[in-house]
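In the working numbering, the protein residues as written are 680 to 974.
Yeah, the Cβ is synthetic: ideal placement off N, Cα and C, and Gly gets one too.
Computed from a prediction, not measured in an experiment: that's the story for all the values here.
This report concerns only the one structure given below.
This is the structure in structure tokens:
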């Protein structure tokens, strides 16, 4: 049975990525400083949108993000059902956003309306390109002829090997959003101290430690990936909070340590960027030792 891969805009996939991998994206909504932003809009200059967004982030403008609610999810799922396809939804961690709960409710309602169709839900336990890489892998499996159930089963297993490691320049944004449960234990005001974070097995963002200096924090990310990456031939994701030069430098550090050549580098989207903040850097890769790899 034919099926469509569906994800949300927190996956950091661009409209061009979505077209290339035949993935459909349902967007978050976002406003900051009294201005509404388009989280995902084919045909819109996203680079310009992101530049304005990060300008406001740097002056710590008031921010309001909204999850993908059940109505919007229902519309996305029904639209695919009406095209004659089933849906495999791979979404942002349920520990980070209520989108996963909304997706399950929408899927149940949609399948009641269209009993001949099916919607399979996978909680990625991730965000940003962690989520995006899983959606891409699902798309590749689909193109290879795997069924929706075979693909979902494989992604459920793969997500437990997906490492998410990152550092941020300013703890203000993570504290404001309440997305990190262990930040209360971190004295982050010390000059030059960079927090190191990771995605836990439960899908939460956790603090793993602290390193003095940006360069050492980036080196720690590269060293950890080199020690734990399953294969240098895998696609490695790097996301950044409006600091592309550092992202490219991190890529080069990883290349020099591993010989890896396949990278996807993206700016944090409006949703994940609102929590990570300007200057954030993250790496996403499949690990040979499991998700809980500490940078």
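Taking just the CA atoms, how far does residue 912 sit from residue 940?
Along the chain shown, one-based indexing puts residue 940 at 261. Along the chain shown, one-based indexing puts residue 912 at 233. Each residue's alpha carbon lies about 7 Å from the other.
Could you check the C-alpha separation between residue 850 and residue 742 for me, to the nearest Å?
Taking the chain shown and counting its residues from 1, one reaches residue 850 at position 171. Taking the chain shown and counting its residues from 1, one reaches residue 742 at position 63. Approximately 16 Å between the Cα atoms of the pair.
Where does residue 739 sit, in a helix, a strand or coil, going by DSSP?
Locating residue 739 in the chain shown gives position 60, counting from the first residue. Looking at residue 739 - three-state DSSP - the assignment turns out to be coil, as it is neither helix nor strand.
Considering only their Cβ atoms, is the gap separating residue 813 from residue 918 smaller than 8 Å?
Working through the chain shown from its first residue, we reach residue 918 at position 239. Working through the chain shown from its first residue, we reach residue 813 at position 134. Result no, Cβ atoms of residue 918 and residue 813 do not sit closer than 8 Å.
CA-to-CA distance, residue 771 to residue 955, given in whole angstroms:
Against the chain shown, residue 955 aligns to sequence position 276. Against the chain shown, residue 771 aligns to sequence position 92. Between residue 955 and residue 771, the C-alpha separation is close to 15 Å.
With residue 828 as the anchor, note down where its alpha helix (DSSP H) starts and where it stops.
Taking the chain shown and counting its residues from 1, the one referred to as residue 828 is at position 149. Element bounds for residue 828: 827-837.
Entirely within the segment 864-921 and at least 4 residues each: give me those alpha helix (DSSP H) ranges in chain order.
893-907
On the DSSP letters alone, give me the boundaries of the alpha helix (DSSP H) that residue 760 sits inside.
If you number the chain shown from 1, residue 760 lands on position 81. 749-761 is the span of the alpha helix (DSSP H), which, as asked, contains residue 760.
Enclosing alpha helix (DSSP H) for residue 807 [first to last residue]:
Counting from 1 along the chain shown, the entry for residue 807 is found at position 128. It spans 807-822 - the alpha helix (DSSP H) in which residue 807 sits, taken as one unbroken run.
Residue span of the beta strand (DSSP E) that contains residue 939, given as start and end
Against the chain shown, residue 939 aligns to sequence position 260. Run containing residue 939: none; DSSP gives neither H nor E here.
Just to confirm the assignment, what range does the alpha helix (DSSP H) spanning residue 790 have?
As a working mapping, residue 790 is identified with position 111 in the chain shown. First-last of the alpha helix (DSSP H) with residue 790: 778-792.
If we count the other Cβ atoms within 10 Å of its Cβ and call it buried at 16 or more, is residue 880 buried or exposed?
If you number the chain shown from 1, residue 880 lands on position 201. When all chains shown are included, residue 880 counts as exposed.
Around the Cβ of residue 900, are there at least 16 other Cβ atoms within 10 angstroms (buried) or fewer (exposed)?
Translated into positions along the chain shown, residue 900 becomes position 221. When all chains shown are included, residue 900 counts as buried.
Suppose only complete runs of 3+ residues qualify. What are the beta strand (DSSP E) ranges in the segment 683-736, listed by chain order?
702-705, 708-711, 714-717
Between 950, 963, 965, which lies nearest to residue 710 when the distance is taken from Cα to Cα?
In the chain shown, residue 710 corresponds to position 31, counting from 1. Comparing Cα-Cα distances from residue 710 to each of 950, 963, 965, the minimum goes to 950.
From residue 698 to residue 704, what distance separates their C-alpha atoms?
Position 19 of the chain shown, counting from 1, holds the residue named residue 698. Position 25 of the chain shown, counting from 1, holds the residue named residue 704. In a straight line, the C-alpha of residue 698 is about 10 Å away from that of residue 704.
Does residue 947 come out as helix, strand or coil in the three-state DSSP assignment?
Here the question's residue 947 lines up with position 268 in the chain shown. It is coil, neither helix nor strand.
So, helix, strand or coil for residue 935, using DSSP?
Taking the first residue of the chain shown as position 1, residue 935 is located at position 256. In the structure shown, residue 935 sits in a helix (DSSP, three-state: H, G or I).
Tell me whether the segment 728-743 and the segment 779-794 touch, counting them as touching only if at least three CB pairs, one residue from each stretch, are closer than 8 Å.
no
CA-to-CA distance, residue 892 to residue 960, given in whole angstroms:
Against the chain shown, residue 960 aligns to sequence position 281. Against the chain shown, residue 892 aligns to sequence position 213. Between residue 960 and residue 892, the C-alpha separation is close to 13 Å.
Would you list the residues sitting across from residue 841 in a DSSP beta bridge?
As a first step, residue 841 is located in the chain shown; it is residue number 162 there, counting from the start. Paired residues: 965.
Apart from the five residues just before and just after residue 920, which ones in its own chain have a Cβ nearer than 6 Å to its Cβ?
If you number the chain shown from 1, residue 920 lands on position 241. Closer than 6 Å at the Cβ level, and outside the excluded window around residue 920, lie 947, 952, 955, 956, 957, 958, 959.
Would you give the residue range spanned by the beta strand (DSSP E) that residue 775 belongs to?
As a first step, residue 775 is located in the chain shown; it is residue number 96 there, counting from the start. It is not in any beta strand (DSSP E) - residue 775 carries neither H nor E in the DSSP assignment.
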